[in-house]
Amino acid sequence: MTGLLDVRRVYVEPEAAALPRGREILGRFPGAEIVEIDSHHRIPELYGDEANVARWVRIKTEALVLGVKKSLTARPNGRSADFIAPSTANGCAMACAYCYVPRRKGYSNPITVFANIDQITGYLRRHAARQGDKPEPNQVDPRLWVYDIGENSDCSVDAMISDNVRDLVELFRDLPNAKASFATKYVNRDLLDWDPRGRTRVRFSLMPAADSKLLDIRTSPIGERIDAINDFVAAGYEVHVNLSPVVVRDGWLADWAELLGRLGDALSPEARAQLAAEVIFLTHNDRLHQVNLGWHPKAEEVLWRPELQQAKRSETGGWNVRYRTGHKGRYVAALLDLLAAELPCCRVRYAF
1 MTGLLDVRRV YVEPEAAALP RGREILGRFP GAEIVEIDSH HRIPELYGDE
51 ANVARWVRIK TEALVLGVKK SLTARPNGRS ADFIAPSTAN GCAMACAYCY
101 VPRRKGYSNP ITVFANIDQI TGYLRRHAAR QGDKPEPNQV DPRLWVYDIG
151 ENSDCSVDAM ISDNVRDLVE LFRDLPNAKA SFATKYVNRD LLDWDPRGRT
201 RVRFSLMPAA DSKLLDIRTS PIGERIDAIN DFVAAGYEVH VNLSPVVVRD
251 GWLADWAELL GRLGDALSPE ARAQLAAEVI FLTHNDRLHQ VNLGWHPKAE
301 EVLWRPELQQ AKRSETGGWN VRYRTGHKGR YVAALLDLLA AELPCCRVRY
351 AF
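If you use full-length UniProt numbering, the sequence shown closes out at 352, no skipped numbers anywhere.
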């Protein structure tokens, strides 16, 4: 498939295997061992075993989980989107050192794909219909309700495993009052043939190349992501950028200036005309810090900076750390000033 995926074992809920999408996915991996499971949530050899730290990337490469999404809800959001759509997948084949998903699943988070795509698209169609027309513009979108379809996974990678993402793009293409949105760190050019007609927003995540090399493990290089923007705009996608996570370290602002200059030089007039950004500074976690020390301790030299960060108790009982109040405000202002100088065409939807 790619270097990202070499699926050798598929953990399957029987209900998922009986669905058409489940059969399609299993057909894509005819040589894989099939392991029947009771629930995609409870697979002891994948989740919660700290010994898996040593097999972190191998599990992401070789394991796939196939299940059924039981709870279908569209949660209000207000930042990246108006609503978070029910997941069609969670987990990821990539291994970004700052990713929050391992905090919840524990030590390994290979891709889980949900086979009940018809139920999910039907729910979204009905939910969007109930919203009616958007009553007034907001920072998410001036006209349409926006649904984030990739909160817990990367849709560009998910699209290599099943047609779920394509089904969502085609669904929103035909809805009169809504569009889809997802962030990605992977360039999948198969998406260029899907004819989204402006109803899917792709948010390419960007950071300085030095940070990406250290932290964005198994993702597309930053230059490849930048080079893809014009092509995705030409193919009918709305393309924004996520400047995230912003990591404060020696020389960070100079490296961001270089990145923004490179981005500005690459953009077509069409890409510039529709560009907007989300700016998100790093939030880290004490439990993820401990996980990372087991497989990628070098990353923690820039992610775990107690002298710059303050802690707040998380909903799950751990501690989230973010840059200290007061200092963070100055960091945000400095980056926004830089963005205004280097790329004045880029509207900032939000920054925090």
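Even glycine gets a Cβ: it sits at the ideal position worked out from N, Cα and C.
Inset, instruction - Per DSSP, which residues does W145 bridge with? Please list them. - result: Within the sequence shown, the letter at position 145 stands for residue 145. In the DSSP output, where bridge partners are listed per residue, W145 has A178.
Inset, instruction - Please report how far the alpha carbon of L308 lies from the alpha carbon of I217, in whole angstroms. - result: On the sequence shown, position 308 is the one that residue 308 refers to. On the sequence shown, position 217 is the one that residue 217 refers to. When only Cα atoms are considered, L308 and I217 end up about 24 Å apart.
Inset, instruction - For the segment 4 to 35, list the alpha helix (DSSP H) runs that are entirely contained and at least 4 residues long, ordered along the chain. - result: Runs of the alpha helix (DSSP H) lying entirely within the segment 4 to 35, each at least 4 residues long, are 14 to 17 and 20 to 28 in chain order.
Legend entry - residue 373 versus I222 - alpha carbon distance: Nothing can be reported for residue 373, as the shown portion of the chain is limited to 1 through 352.
Inset, instruction - Return the Cβ separation of L282 and L303 in integer angstroms, given the expectation that the two are a contact with Cβ distance under 8 Å. - result: The residue labelled residue 282 in the question sits at position 282 within the sequence shown. The residue labelled residue 303 in the question sits at position 303 within the sequence shown. That pair is a contact at about 7 Å.
Inset, instruction - Look up L243 in the DSSP assignment and give the residues it is bridged to. - result: Working through the sequence shown from its first residue, we reach residue 243 at position 243. Per DSSP, L206 and V279.
Legend entry - Bridge partners - Q309, DSSP secondary structure assignment: Counting from one through the sequence shown, the residue named residue 309 turns up at place 309. Q309 is bridged to Y323.
Legend entry - Host beta strand (DSSP E) of Y350 (start-end): For the purposes of this step, residue 350 is taken as the residue at position 350 of the sequence shown. Looking at the DSSP string, the run of the beta strand (DSSP E) that includes Y350 is R347 to A351.
Legend entry - beta strand (DSSP E) segment containing V113, residue limits: For the purposes of this step, residue 113 is taken as residue 113 along the sequence shown, with counting starting at 1. Here the beta strand (DSSP E) through V113 covers T112 to F114.
Inset, instruction - Put P297 into one of helix, strand or coil per three-state DSSP. - result: Position 297 of the sequence shown, counted from the start, is the residue given in the question as residue 297. Correct three-state label for P297: helix.
Legend entry - Span separating the alpha-carbon of V157 from that of R287: Translated into positions along the sequence shown, residue 157 becomes position 157. Translated into positions along the sequence shown, residue 287 becomes position 287. Each residue's Cα considered, the two are about 26 Å apart.
Inset, instruction - Evaluate E315 with the Cβ neighbour count: other Cβ atoms within 10 Å of its Cβ, from every protein chain shown; 16 or more gives buried, anything less gives exposed. - result: In the sequence shown, counting from the first residue as 1, residue 315 sits at position 315. E315 is exposed by the Cβ-count criterion.
Legend entry - Coil, strand or helix - R79 by DSSP: Stepping through the sequence shown from its first residue, residue 79 is reached at position 79. Of the three classes helix, strand and coil, the one that applies to R79 here is coil, per DSSP.
Inset, instruction - Along the alpha helix (DSSP H) that carries A63, what are the first and last residues, could you check? - result: As a first step, residue 63 must be located in the sequence shown, where it is residue number 63. That residue, A63, is in no alpha helix (DSSP H); its beta strand (DSSP E) goes A63 to G67.
Inset, instruction - May I ask you to report which of helix, strand or coil DSSP gives T219? - result: Translated into positions along the sequence shown, residue 219 becomes position 219. If DSSP states are grouped into helix, strand and coil, T219 belongs with coil.
Legend entry - C-alpha gap between A271 and S153, whole angstroms: Looking up residue 271 in the sequence shown gives position 271. Looking up residue 153 in the sequence shown gives position 153. For A271 and S153, the distance between alpha carbons rounds to 25 Å.
Inset, instruction - Please report how far the alpha carbon of D163 lies from the alpha carbon of D190, in whole angstroms. - result: Counting from one through the sequence shown, the residue named residue 163 turns up at place 163. Counting from one through the sequence shown, the residue named residue 190 turns up at place 190. Whole-angstrom Cα-Cα distance: 11 Å.
Legend entry - Contact belief for L4 with A93 at Cβ below 8 Å, rounded distance in angstroms: Locating residue 4 in the sequence shown gives position 4, where the first residue counts as 1. Locating residue 93 in the sequence shown gives position 93, where the first residue counts as 1. Rounded to the nearest angstrom, the Cβ distance from L4 to A93 is 4 Å, consistent with a contact under 8 Å.
Inset, instruction - Would you please state the rounded distance, in angstroms, between the beta carbons of V10 and I34? I believe it to be under 8 Å. - result: On the sequence shown, residue 10 is found 10 positions in, with the first residue counted as 1. On the sequence shown, residue 34 is found 34 positions in, with the first residue counted as 1. The pair is a contact, with the Cβ atoms about 6 Å apart (cut-off 8 Å).
Legend entry - Coil, strand or helix - C92 by DSSP: If you number the sequence shown from 1, residue 92 lands on position 92. Three-state DSSP puts C92 in coil, outside helix and strand.
Inset, instruction - Could you tell me how far apart the beta carbons of M160 and N177 are, in whole angstroms, since I believe they sit closer than 8 Å? - result: By 1-based counting over the sequence shown, the position of residue 160 is 160. By 1-based counting over the sequence shown, the position of residue 177 is 177. About 30 Å; that fails the 8 Å criterion.
Legend entry - Selection from V169, A129 and W145 that minimises the alpha carbon distance to E136: Walking along the sequence shown from the start, residue 136 turns up at place 136. It is W145 whose Cα lies nearest to the Cα of E136.
Inset, instruction - Below 6 Å CB to CB, which residues in the same chain sit around V65 once its five sequence neighbours on both sides are set aside? - result: Translated into positions along the sequence shown, residue 65 becomes position 65. Correct list, in chain order: Y11, H40 and T112.
Inset, instruction - Using DSSP bridges, identify the partner residues of R201. - result: For the purposes of this step, residue 201 is identified with residue 201 of the sequence shown, where counting begins at 1. Paired residue(s): S181 and E238.
Legend entry - Backbone secondary structure at N164 - three-state DSSP: Translated into positions along the sequence shown, residue 164 becomes position 164. Note: N164 maps to helix in three-state DSSP.
Inset, instruction - Within its chain, find whatever has a CB closer than 6 Å to the CB of S212; leave out the 5 residues flanking it on each side and keep chain order. - result: The count along the sequence shown starts at 1 and reaches residue 212 at position 212. I222, listed in sequence order.
Legend entry - A63 versus V7: straight-line alpha-carbon distance, rounded: Reading the sequence shown from its first residue, position 63 is the one you call residue 63. Reading the sequence shown from its first residue, position 7 is the one you call residue 7. If you take the alpha carbons of A63 and V7, they lie about 6 Å apart.
Inset, instruction - Could you tell me whether the Cβ atoms of A16 and K60 are closer together than 9 Å? - result: The count along the sequence shown starts at 1 and reaches residue 16 at position 16. The count along the sequence shown starts at 1 and reaches residue 60 at position 60. The answer is no: Cβ separation not under 9 Å.
Legend entry - Segment contact, 8 Å Cβ cut-off, at least three pairs: the segment 258 to 266 with the segment 331 to 350: yes
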